[in-house]
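First up is the structure itself, then whatever we jot down about it.
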């Protein structure tokens, strides 16, 4: 019998799942196998791609600039997300019932912390891009201290949201407030997490929209004086493509999961959130793979560094060839899209 105001710290995981109405399987069902197989595949890809991004930033001195610190932090957060999701895959299905309460909160905390860090870093990148464009300065001239503070702020916020459920924002003493998707968490936590991600998206839309209109206005103004040079039109189209990809990837990967989190957090009894939660979480995790493509692979210098690293792994190139690469890369095609005005660049390819 459940008593109001009583705490249930000594109960099993099954007790809370039964209370929330979430099925706790005792055997491997076909859908469990499918989810784990897909989850392991996505996790391994996330780990490999983000390790490659981190290795590229560490090995190429041209990436030792403030804006790439943020890209490196995004890769680190996504790498952490891959590890957290891998841990989840090894502790899901029938294995969930064997978890202790601390083990369950550890599983959930790792996931919440890593995904929060990833989303917060996306916003930090947008803010710094906005600042560099509006100040008409190269990303290499961004103050390092400011970037470091942004990174510290990202992880403080992520750790805060990840640790709070285990210490206070749970429903172990208020079973009527338990979520259905995460039976040990309070519904209010899920609602706040979903609304926070929605706020991040809206801020990103506002920031990138302002960047786009600012750059387009500058391009049109300069085009009037140089008879519409094709490069200016290409720059605008490239910017549109980048903004659409960034926001589109965020919407596709995060919106489904945030919707079901919000519905569960608001206590929608008629919403069948349990039928789709695992697949939507997998889609959100896939964003950690998409980020590596959107934010890194669109940089020509980054792609060249990827090829060099992969060639070193596959063909064990001589140290002479690897040492010779940087000097040849500097004489190649410039990766920056330069729009000079009053002697200053307006934007570059890291936008």
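Residue numbers (UniProt numbering): 1 to 351. Virtual Cβ for every residue (Gly too), placed ideally from N, Cα, C.
A residue is called buried once 16 or more other Cβ atoms fall within 10 Å of its Cβ, and residue 314, having fewer, is exposed. The DSSP-derived three-state label of residue 24 is coil.
Taking the Cα of residue 251 as reference, the smallest distance to any Cα among 263, 271, 283 and 267 is reached at 283.
Within the same chain, and ignoring the five residues on either side of residue 273 in sequence, the residues whose Cβ sits closer than 7 Å to its Cβ are 180, 181, 260, 263 and 264.
By the neighbour-count definition (other C-beta atoms within 10 Å, threshold 16), residue 102 is an exposed residue. A straight line joining the alpha-carbon of residue 192 with that of residue 216 spans about 36 Å.
Residues 187 and 191 of the same chain have their beta carbon placed closer than 8 Å to that of residue 266, with the five preceding and five following residues left out of the count.
The beta carbon of residue 198 is closer than 7 Å to those of 258 in its chain, skipping five residues each way along the sequence. Using a Cβ distance threshold of 7 Å, residue 203 and residue 123 count as a contacting pair. As the crow flies, the alpha-carbon of residue 311 is around 13 Å from that of residue 55. In the same chain as residue 113, and ignoring 5 residues on each side of it, the C-beta atoms closer than 8 Å to its own belong to 80, 84, 158, 159, 161, 162 and 163, in chain order. Pairing residue 43 with residue 99 gives a Cβ-Cβ distance that is not under 7 Å. When the Cα atoms are used, residue 289 and residue 281 turn out to be separated by approximately 13 Å.
Judged by beta-carbon spacing, residue 24 lies beyond the 7 Å limit of residue 117, meaning their Cβ atoms are not closer than that value. According to the DSSP assignment, residue 68 belongs to the alpha helix (DSSP H) that extends over 66–89.
With contacts defined as CB atoms closer than 7 Å, residue 183 and residue 20 qualify as a contacting pair.
Per DSSP, reduced to three states, the secondary structure at residue 179 is coil, with no helix or strand assignment. DSSP places residue 128 in the uninterrupted alpha helix (DSSP H) bounded by 101–134.
Remark: C-beta atoms of residue 287 and residue 74 do not approach each other more closely than 7 Å. Leaving aside the five residues that flank residue 76 on each side, the residues in its chain whose CB is nearer than 7 Å to its CB run, in chain order, 54. Counting every other CB atom within 10 Å of its CB across the protein chains shown gives residue 154 a total of 16 or more, marking it as buried. Residue state for residue 168 is assigned as coil, using DSSP reduced to three classes. Residue 279: member of the alpha helix (DSSP H) spanning 277–292, first to last residue. For the pair residue 172 and residue 69, the CB atoms are not nearer than the 7 Å cut-off.
DSSP places residue 59 in the helix class (H, G or I) of the three-state scheme.
Excluding sequence positions up to five before and after residue 166, its CB lies within less than 7 Å of the CB of 105 and 109, all in the same chain and listed in chain order.
Close CB contacts of residue 82 within its chain, under the 7 Å cut and outside five residues either way in sequence, are with 43, 46, 47, 50 and 288 (chain order).
With fewer than 16 other CB atoms across the displayed protein chains lying within 10 angstroms of its CB, residue 176 is exposed. Residue 132 is classed as buried because its beta carbon has at least 16 other beta carbons within 10 Å across all chains shown. Ranking 150, 212 and 59 by CA distance to the CA of residue 120 puts 150 first.
Ranked by Cα distance from residue 241, the first of 212, 221, 39 and 269 is 212.
Here residue 297 has 303 and 306 as same chain residues with Cβ atoms under 8 Å from its own Cβ, once five neighbours each way along the sequence are excluded. The beta carbon of residue 247 is closer than 7 Å to those of 204, 205 and 208 in its chain, skipping five residues each way along the sequence.
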